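Numbering-wise, the sequence shown is residues 24 to 89 according to this note's numbering. Backbone N, C-alpha and C define an ideal beta-carbon position, used for all residues, glycine too. Note that the coordinates shown come from a computational prediction; the quantities given were computed from them, not determined experimentally. Here is the structure we will look at, set down as structure tokens.
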Amino acid sequence: EYYIYLDEPTGILFAFMKRGDSNLQTALREHPIMRKWWDYMKDIMETNDDGSPVTKPLVEVFSMHS
Numbered sequence: 024e025y026y027i028y029l030d031e032p033t034g035i036l037f038a039f040m041k042r043g044d045s046n047l048q049t050a051l052r053e054h055p056i057m058r059k060w061w062d063y064m065k066d067i068m069e070t071n072d073d074g075s076p077v078t079k080p081l082v083e084v085f086s087m088h089s
């Protein structure tokens with residue numbers, strides 16, 4: 024599955040591909056490489072108290088399902 028979302032305030036588009044493993048997101052949050060990346064990027068992105076990136080709602084503008 025493939026999606027494109029719009030951040031209306033900025034006009035920026037975000038593409039997203041959905042994979043079958045629903046547990047992957049949980050596993051990635053705890054992976055040392057992901058944590059290292061979040062720590063590396065914290066100076067240039069908004070983060071939550073746990074270091075994870077702040078998320079904002081987006082408007083879906085396209086989707087393709089197989």
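- Item | Distance between Lys79 and Ala38 (C-alpha atoms, nearest Å) | 15 Å
- Task: To the nearest angstrom, report how far apart Glu83 and Thr33 are at their CA atoms.
- Result: 15 Å
- From Val77 to Thr70, what does the alpha carbon distance come to, in whole angstroms? 5 Å
- CB contact flag (Ser75, Trp60, <8 Å): no
- Message: With a threshold of 7 Å on Cβ separation, who are the neighbours of Leu81 within its own chain once the five nearest residues in sequence on each side are excluded?
- Response: Tyr28, Leu29, Asp30, Phe37
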